[in-house]
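Asks:
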Amino acid sequence: MRRESIVNDLNVAARMVTDWVNFCRGVYEDACLAFDEKIDGIGKIVEIDESKFGKRKYNRGKRVEGQWVFGGLVRYTNDCFFEVVPERSADVLLEVIKRRILPGRTVISDCWASYNCLDNEGYQHSTDTKHLNTKLTSVDDILRGLYQIKRELCALPDDVDLKDALEFTIELEEDAQEMKVSLFVFLSKYENKSETVCTIPKANIKIPDLRLPTFNGKFQESGLFKSQFMKVIRNKPSLDET
2 MRRESIVNDL NVAARMVTDW VNFCRGVYED ACLAFDEKID GIGKIVEIDE SKFGKRKYNR
62 GKRVEGQWVF GGLVRYTNDC FFEVVPERSA DVLLEVIKRR ILPGRTVISD CWASYNCLDN
122 EGYQHSTDTK HLNTKLTSVD DILRGLYQIK RELCALPDDV DLKDALEFTI ELEEDAQEMK
182 VSLFVFLSKY ENKSETVCTI PKANIKIPDL RLPTFNGKFQ ESGLFKSQFM KVIRNKPSLD
242 ET
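Residue 135 in this note's numbering sits at position 134 of the sequence shown, with consecutive numbering throughout.
This is the structure we're talking about:
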């Protein structure tokens, strides 16, 4: 739940909500650090994932080295662990998995290549494309938020210097687009063949006539053009075979 929603629903000060959110985050962090046992138990399912935490210098166009964190969550019991790791290579992650999870347990991960060795290490490994689709949805939300920021910046008076803010926003948008493409590539490898789109060219295919909107080249109206274009081509049965 967003903090704004809590403030509005409970009619409390934003500072109070921030303090409570930070307190709850600290309690959860302590609980994760306190769990130092090996996950055992027949039939337990452990979801694992890794993420990099770091900062980026404002308007520099250069990434700052962050820190990889690897963790796991047991379904239904919510037992969990996380550890700071130097990298997410197969050797590093496998060492943590062996130390934290007993062999024979079911381990669910995304499609990162470092997890491909788990089947040979005594674990029942499967990939969760639903997890990847959730990440893809999050990236789409980020892109929508960045687009809204750009619109608001462009709506400011002409005498406001927008160069730095726009460049920074565009850099973030490009990074999000790259991440979205990477997720699409991963998903395309693990989709069911019966659900994938056939890419074999077909002879004598004629694209149906569509009245497409025109774009005048103005950045401020690019979002409107995109919405109109997607509205025309989305859910068109006549395009399924083209």
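Heads up, the beta-carbon is just placed ideally off N, CA and C, and yes, glycines get one too.
Out of 169, 134, 151 and 155, point me to the one whose CA is closest to residue 181's CA.
Replies: When only C-alpha atoms are compared, the closest one is 134.
Asks: Apply the 10 Å Cβ neighbour rule to residue 85 and answer buried if 16 or more other Cβ atoms are within range, or exposed otherwise.
Replies: Residue 85 should be labelled exposed.
Asks: From which residue to which residue does the beta strand (DSSP E) around residue 51 run?
Replies: Counting along the chain, the beta strand (DSSP E) containing residue 51 begins and ends at 46-54.
Asks: Could you tell me which of 78, 51 and 81 sits nearest to residue 69, measuring between CA atoms?
Replies: 51
Asks: How long is the line joining the alpha carbons of residue 13 and residue 21, rounded to whole angstroms?
Replies: Inter-residue distance for residue 13 and residue 21 is about 11 angstroms (C-alpha atoms, whole angstroms).
Asks: Any contact between the segment 107-117 and the segment 40-49? By contact I mean 3 or more CB pairs, one from each, below 8 angstroms.
Replies: yes
Asks: Mind listing, in chain order, the continuous beta strand (DSSP E) runs of no fewer than 3 residues lying wholly within the segment 12-44?
Replies: none
Asks: Given that a residue counts as buried once 16 or more other Cβ atoms are within 10 Å of its Cβ, and exposed if not, what is residue 73?
Replies: Buried.
Asks: By the 10 Å Cβ neighbour count, where 16 or more other Cβ atoms means buried, how is residue 147 classified, buried or exposed?
Replies: By the neighbour-count rule (16 or more Cβ atoms within 10 Å), residue 147 is buried.
Asks: Quick one: is residue 111 buried, meaning 16 or more other Cβ sit within 10 Å of its Cβ, or exposed?
Replies: buried
Asks: Please classify residue 225: is it buried, with 16 or more other beta-carbons within 10 angstroms of its beta-carbon, or exposed?
Replies: Exposed.
Asks: Look up residue 112 in the DSSP assignment and say whether it is helix, strand or coil.
Replies: coil
Asks: On the DSSP bridge assignment, give the partners of residue 125 in chain order.
Replies: 107
Asks: To the nearest angstrom, how far is the alpha carbon of residue 231 from that of residue 137?
Replies: Using only the alpha carbons, I get a separation of about 18 angstroms.
Asks: Whose CA, out of 160, 156, 143 and 105, lies closest to the CA of residue 175?
Replies: Measuring from the Cα of residue 175, the nearest candidate turns out to be 143.
Asks: Is residue 95 helix, strand or coil by DSSP?
Replies: helix
Asks: Determine, using beta carbons only, whether residue 40 and residue 75 come nearer to each other than 8 angstroms.
Replies: yes
Asks: Determine the closest residue to residue 45 out of 36, 108 and 53, with distance taken between C-alpha atoms.
Replies: Scanning 36, 108 and 53 for the CA closest to the CA of residue 45 turns up 108.
Asks: Label residue 228 either buried or exposed according to how many other C-beta atoms from any shown protein chain fall within 10 Å of its C-beta, with 16 as the threshold for buried.
Replies: Exposed, by the Cβ-count rule.
Asks: In terms of residue numbering, what span does the beta strand (DSSP E) encompassing residue 86 cover?
Replies: 81-86
Asks: With a 10 Å radius around its C-beta and 16 neighbouring C-beta atoms as the bar for buried, classify residue 77 as buried or exposed.
Replies: exposed
Asks: Look up residue 74 in the DSSP assignment and give the residues it is bridged to.
Replies: 48 and 81
Asks: Which word fits residue 151, buried or exposed, when buried means at least 16 other C-beta atoms lie within 10 angstroms of its C-beta?
Replies: buried
Asks: Kindly list the residues whose CB is nearer than 7 angstroms to the CB of residue 103, restricted to its own chain and excluding five residues on each side of it in sequence; keep chain order.
Replies: 39, 40 and 41
Asks: On the DSSP bridge list, what partners appear for residue 68?
Replies: 54
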